[in-house]
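As structure tokens, the structure follows; a few thoughts come after it.
Number of protein chains: 4
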Amino acid sequence: MLVVMQEGAAESHIQKVIDRLVSMGFIVHRSSGVLHTVLGGVGPVNDFDPIEFEVMAGVKECHRIVSPYKLASRHFRPGGTVIKIGDVEIGGSQVIVMAGPCSVENRDQIEQAAEAVAGDGAKVIRGGAFKPRSSPYSFQGLGEDGLRMLREAADRHGLLVVSEVMEQAQIPLLLNYADILQVGARNMQNYNLLRQLGEVRKPILLKRGISATIEELLLSAEYIMSGGNYDVMLCERGIRTFETSTRNTMDISAIPVVKSLSHLPIIADPSHGTGRRDKVLPMARAAVAAGADGLLIEVHHDPDRALSDGAQSLHPAQFTELMGQLRTIAKAVDRSI
Amino acid sequence: MLVVMQEGAAESHIQKVIDRLVSMGFIVHRSSGVLHTVLGGVGPVNDFDPIEFEVMAGVKECHRIVSPYKLASRHFRPGGTVIKIGDVEIGGSQVIVMAGPCSVENRDQIEQAAEAVAGDGAKVIRGGAFKPRSSPYSFQGLGEDGLRMLREAADRHGLLVVSEVMEQAQIPLLLNYADILQVGARNMQNYNLLRQLGEVRKPILLKRGISATIEELLLSAEYIMSGGNYDVMLCERGIRTFETSTRNTMDISAIPVVKSLSHLPIIADPSHGTGRRDKVLPMARAAVAAGADGLLIEVHHDPDRALSDGAQSLHPAQFTELMGQLRTIAKAVDRSI
Amino acid sequence: MLVVMQEGAAESHIQKVIDRLVSMGFIVHRSSGVLHTVLGGVGPVNDFDPIEFEVMAGVKECHRIVSPYKLASRHFRPGGTVIKIGDVEIGGSQVIVMAGPCSVENRDQIEQAAEAVAGDGAKVIRGGAFKPRSSPYSFQGLGEDGLRMLREAADRHGLLVVSEVMEQAQIPLLLNYADILQVGARNMQNYNLLRQLGEVRKPILLKRGISATIEELLLSAEYIMSGGNYDVMLCERGIRTFETSTRNTMDISAIPVVKSLSHLPIIADPSHGTGRRDKVLPMARAAVAAGADGLLIEVHHDPDRALSDGAQSLHPAQFTELMGQLRTIAKAVDRSI
Amino acid sequence: MLVVMQEGAAESHIQKVIDRLVSMGFIVHRSSGVLHTVLGGVGPVNDFDPIEFEVMAGVKECHRIVSPYKLASRHFRPGGTVIKIGDVEIGGSQVIVMAGPCSVENRDQIEQAAEAVAGDGAKVIRGGAFKPRSSPYSFQGLGEDGLRMLREAADRHGLLVVSEVMEQAQIPLLLNYADILQVGARNMQNYNLLRQLGEVRKPILLKRGISATIEELLLSAEYIMSGGNYDVMLCERGIRTFETSTRNTMDISAIPVVKSLSHLPIIADPSHGTGRRDKVLPMARAAVAAGADGLLIEVHHDPDRALSDGAQSLHPAQFTELMGQLRTIAKAVDRSI
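Protein chains in written order, with the working numbering: chain A, 856 to 1192; chain B, 856 to 1192; chain C, 856 to 1192; chain D, 856 to 1192.
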């Protein structure tokens, strides 16, 4: 840890900072330059907030040197993590496509979706059984019935299942039906939920909050991993900016940034990232070109009648077209799809 | 609802939009201008997403005319809501100050806090019993023991209690000890929690999420109110922007904006809004000058040793100074403190 | 134009709005719904600010129906604009790569750059002669000497020249040496400069400001076009957001959004968009995958010794690698490079 | 300067960074911790970009220790700067109000404005003579005629004049008529203009760009000061965020932040900061409560007919009301008005 004192900071202020560092167990190195005194602290403690030092008299700024996350950092596994589920590898040379409707609505709908996306090369089917809706009067999901339909359709077509877990109480249910448990953007910092998922032995797909920095996303992954579950994949799905022509601004650069900072696979969700069907294709292509390990895409056989998120769901024919384009793009980055 | 068609939109596209509106139960008025055809829809449905129309062929844009919230809108109670708890009125002519430590640490600490803040004119004591911490190794709060200490200290000094409820399961416990249940910024869109709080008969203090628009804040209030609990106060506590010299950017203009759009009282939290003790005083003054109905302020008798958020906690002497300044400022806006 | 009145707006307030609309030359249609009165205005005037109505008593909101830009809108030229310079076509089926150093430093440097980028298939060489530097002590560019070197190197290698014009007085000089005049992000709303460029008969490359919406970018293009110069290409180069792991957040979704809203070609600048060499390759690939008509890329034979922006300049070998990848990706979107 | 190497960085990478630092004239201190090697550089150079080191192999991050600005920093003049113009002191114990119309429209208008604002206690009249308008067809300002009218009205009422300079060529004209030269938000990083204003001997009012950080604002002030003109006052006028219920988000916390980082006076512009008349009063009060040294406020005797920015101009009666409130608030922060 580095504490930079203000120009001309009083000796008494410097001593107070040194005392506090020492009391926290740090070994302190002091170095005095022409303008600034810098205090370097080496110690076992990393769980502190630099701002605690920045409000002390005479302090200019405080930098943490050691990353606040360890298990999630690239240094922990320089070769990268490959999550294996059956014969599907996420984070390997193949780009894994997870597709399906926003929510499971009925048996027919999910069967049609499974058939369509499996036929085009998706490896995982997605579908929500619990829907957090901003209106109390909207469709809230089919619950366990939905999960059962999803599982059955997946099994008929050789697909894996990813579905969202919205609160701790739902974990056992999800474990019964899903292969990958998804944590939604609004739950990215629900620490109680993350802690429980650390004890689970199935892979987690962790979505970035719409106003979360990449560092915060990695800290949330660390939270899960610190419980012993290392199979975490991250997911970029758009951040909130001043631009209003898209629902969110999909941060494609997060893909290479995560790749440098972490060993965890990174998935892109262009459906939520854009909110509009006509922008999903270009952004899905961009994500793969930027190095994404997978995609999460909403597909519905009749989007205009979807019970949720119809505007961002692809028609099956669009999905077919997209998969063709992605196969070509994957080659440019030495991958397959 | 208004759907504006693109210049030269095909008649078939216009008809498709009309058909969809009619099928949703709208009565449609069509008006053709030199450049654009505009379709106005009057109907019972308000729970739809304009983007569903914007992705239709030939559509330029779609505007909801009716606000998505009703109970929370100023029109619902033009005179404004005053929440009464005993002889304390929130939203009335007095500016209500709620102060105390970030978290309840022990009996002595909370007693000292209660004595200090009551002596300076605060009406409510704050203190967390459950702390959502980004590190699994940090202090997680004292739970029910903390709530009991808080209640006892409050009672000794004639204060009300506000404390945060972090998940549904904690509601009964909070109801036993607190007068006001606080919903944290990260839970602003935890709809299951909001729904439960709609059935509670104690006032709710609802914090704005760091990337939530004011409209989204009002929608979350609506969620609670639609359950029958109309005693909701809103709280501005800083939004995330590109500026990094403060932890968050406290959106003081949200105070007058909420006042025009809604009848609900608006509280300001300059402690979380700035993250730094030295910025709390000016921002607390600014909030009252802008018309806030109350303040939520962290005060600790020994901030350097606080178990959480010490950097943003005021020393008791600073709190005393602040209260003096606020009394003067309140007069400028025809209020007392 | 549409003015939506508040619920229960007084008749006198409605009349005041009608009077104002009529006095501005609008023909007004009034429609009264259950909750809201809506006033539709049809008229010749489009140059007004909706907020002027929104501050009137009883008004809820005001929407402009007609886009504030016309010449720049897709509707004006549904087939899209192709800018032809010699045998280079920008906006056609070929993706045009413009590459070269941030600034022209000396004859050798620019010759090496021209040779490298031409060899790999770039059609245009970039290089700044006037550098707006945040420090008054930094390298300020070679001025006309730099332009001459750039032109000569370009001619030796069959390349076109793009270079930035920073103020009106530099226009004649740029016209002498460059084929495309670039307007930097900070000048995107320098209306005097834009007006002058409307009278020029060479293509303009207009960069998006770091906090400009796409609508504002199109309005600036309109400013140039209204002077008679229709050869405007737009350029996405990153926006400012809360994320700090990249200098800017490159808004890849702006590429398909511009394609829907406008007929003008859209170029992407991943060098400024990311600020870091190691992120330029993935973002350049993403831009082409998302449908960009061209790229603007910084290349320097010795980036560590570049006089400006070395950190974001590619080594020539990286550029070669990138061009190979882009050729594959271009095929996926039915284009060549 | 501090370069933090990655965990386990190769010795060859460390040496490369040391070599580069030495070649730039730095004396390098190396300190090896359990996880990270940290290189501290002391030297004469401060004009470099940390990112140049961050793209080097093995580097984790690079921090500048010395602020990039010196003359603008609080340390340079711990007591604060008071700018004296005649008997008006900006930055002293009195809060200085600058008020008047957005643009000078005619002799009558500006005379009425001068009379009104002087009567209520303003010390400076504002009014634009050159208007940068987003539409080429809008009112562009009266130019020198406007400045003359402004000067005459000011002199009749004992007011100082502040007016905007939009480009270098206008400086001599402004010097003839104005007491304070204003640099607009869009010109905050127009370095050529800033350099010229460094040679001027009249005070400069420098507005923060809508997406500028406070550090960038101070760097722009430094640019002017490095030319010898130390009479710079800064102005907060709203930043661009995701919130759309106000035109900009006025960053009130910038006021105390500037006060800690710099000795320069800070002015607030609630008219541009909010864009709406009904929000100007609360935000003006908030700015003074937060410690602003002055206000810049638009007042027009007939805002509905103003040729520019009518929606954000106060009626004279509102201005009178505001001044009364401000007098009370000023007392709370030991100031007068």
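Glycine included, every Cβ here is placed at the ideal spot set by N, Cα and C.
Going along chain A, which residues have a C-beta under 9 Å from residue i?
{"i": "I1184(D)", "result": "Per Cβ cutoff of 9 Å: no residues; I1184(D) is ~26 Å from chain A at best."}
List the residues of chain D whose Cβ lies closer than 7 Å to the Cβ of residue i, in chain order.
{"i": "Q1180(C)", "result": "Result: empty, since nearest Cβ-Cβ is about 20 Å, beyond 7 Å."}
{"i": "H826(A)", "result": "As shown, chain A starts at 856 and ends at 1192. That puts residue 826(A) outside it, with no answer to give."}
In chain D, which residues lie less than 8 Å from residue i when you measure between Cβ atoms?
{"i": "G898(B)", "result": "Those do not exist, as G898(B) stays about 26 Å from chain D at its closest Cβ, beyond 8 Å."}
Within its chain, find whatever has a CB closer than 7 Å to the CB of residue i; leave out the 5 residues flanking it on each side and keep chain order.
{"i": "L1029(A)", "result": "S1018, V1020 and L1036"}
{"i": "E862(B)", "result": "L890 and H891"}
Does chain A have any CB closer than 8 Å to the CB of residue i?
{"i": "D1106(C)", "result": "yes"}
{"i": "V859(D)", "result": "yes"}
{"i": "G1149(C)", "result": "no"}
Would you kindly work out how many angstroms separate the C-alpha atoms of residue i and residue j, rounded to a whole number?
{"i": "L1048(D)", "j": "I1184(D)", "result": "37 Å"}
{"i": "Y924(D)", "j": "G1149(D)", "result": "24 Å"}
{"i": "I1079(D)", "j": "E1153(D)", "result": "26 Å"}
{"i": "M1088(B)", "j": "I869(B)", "result": "44 Å"}
{"i": "V1200(A)", "j": "D963(A)", "result": "The structure shown does not extend to residue 1200(A), since chain A is modelled only from 856 to 1192, so the question has no answer here."}
{"i": "E970(B)", "j": "R981(B)", "result": "13 Å"}
{"i": "M860(C)", "j": "R1050(A)", "result": "50 Å"}
{"i": "E907(C)", "j": "S878(C)", "result": "14 Å"}
{"i": "S928(B)", "j": "A865(A)", "result": "54 Å"}
{"i": "A1144(B)", "j": "M1138(D)", "result": "8 Å"}
{"i": "G935(D)", "j": "C1090(D)", "result": "16 Å"}
{"i": "Q1044(D)", "j": "E916(B)", "result": "36 Å"}
{"i": "V893(B)", "j": "H930(A)", "result": "58 Å"}
{"i": "I1072(B)", "j": "H1156(D)", "result": "The question names Ile, yet the displayed sequence has Leu at residue 1072(B). Taking the straight line joining both Cα atoms gives about 37 Å."}
{"i": "G947(A)", "j": "D1164(D)", "result": "57 Å"}
{"i": "Q888(A)", "j": "I920(D)", "result": "According to the sequence provided, residue 888(A) is Gly. The question's Gln does not apply to it. Those two C-alpha atoms are separated by around 10 Å."}
{"i": "A1076(A)", "j": "D1034(A)", "result": "18 Å"}
{"i": "G1194(A)", "j": "L1116(A)", "result": "Residue 1194(A) is absent from the model: chain A starts at 856 and stops at 1192."}
{"i": "G955(B)", "j": "A968(B)", "result": "6 Å"}
{"i": "I1059(B)", "j": "V1038(B)", "result": "7 Å"}
Starting from the beta carbon of residue i, find every residue of chain A whose beta carbon is closer than 7 Å, and list them in chain order.
{"i": "E907(B)", "result": "G1165 and A1166"}
Under 7 Å between beta-carbons, which chain B residues line up against residue i? List them in chain order, please.
{"i": "H891(C)", "result": "I920 and V921"}
{"i": "D904(A)", "result": "A1166"}
Enumerate in chain order the residues of its own chain whose CB-to-CB distance from residue i is below 6 Å, with the five nearest sequence positions on each side excluded.
{"i": "L1002(B)", "result": "A984 and Y1032"}
{"i": "G896(C)", "result": "M856, L876, F881 and V883"}
{"i": "E1098(A)", "result": "T1104"}
{"i": "T1101(B)", "result": "T1129"}
{"i": "L926(C)", "result": "E1077 and M1080"}
Name the chain B residues whose beta carbon is nearer than 8 Å to that of residue i?
{"i": "D1010(A)", "result": "Residues of chain B passing the Cβ test: none, with the nearest at roughly 30 Å."}
{"i": "G1130(A)", "result": "I906"}
Does chain D have any CB closer than 8 Å to the CB of residue i?
{"i": "G863(A)", "result": "yes"}
Run down chain C in chain order and give the residues with a C-beta less than 7 Å from the C-beta of residue i.
{"i": "Q870(D)", "result": "None at all; the shortest Cβ gap to chain C is about 15 Å."}
{"i": "G895(B)", "result": "S886 and V893"}
Against residue i, what residues of chain A qualify as contacts under a CB-to-CB distance less than 8 Å, listed in chain order?
{"i": "H930(D)", "result": "Q861, E862 and G863"}
For residue i and chain B, any beta-carbon pair shorter than 8 Å?
{"i": "F881(C)", "result": "no"}
If we cut at 8 Å on Cβ distances, does residue i have a partner in chain C?
{"i": "S1075(A)", "result": "no"}
Strictly below 9 Å CB to CB, what residues from chain D border residue i?
{"i": "P1137(B)", "result": "I1107, S1108, I1110, P1111, K1114, A1144, A1145, G1146 and V1188"}
Scan the region 949-995 of chain C and note each continuous alpha helix (DSSP H) run of 4 residues or more that stays entirely inside, going in chain order. 962-974
Any chance you could list the beta strand (DSSP E) runs of at least 3 consecutive residues sitting entirely within the region 1079-1119 of chain C, in chain order? 1087-1091
Enumerated in chain order, which unbroken segments of the beta strand (DSSP E) with a length of 3 residues or greater are wholly contained in the region 887-952 of chain C? 892-897, 914-918, 938-940 and 943-945
Any alpha helix (DSSP H) of 4 or more consecutive residues that is wholly inside the region 1052-1080 of chain A: 1069-1080
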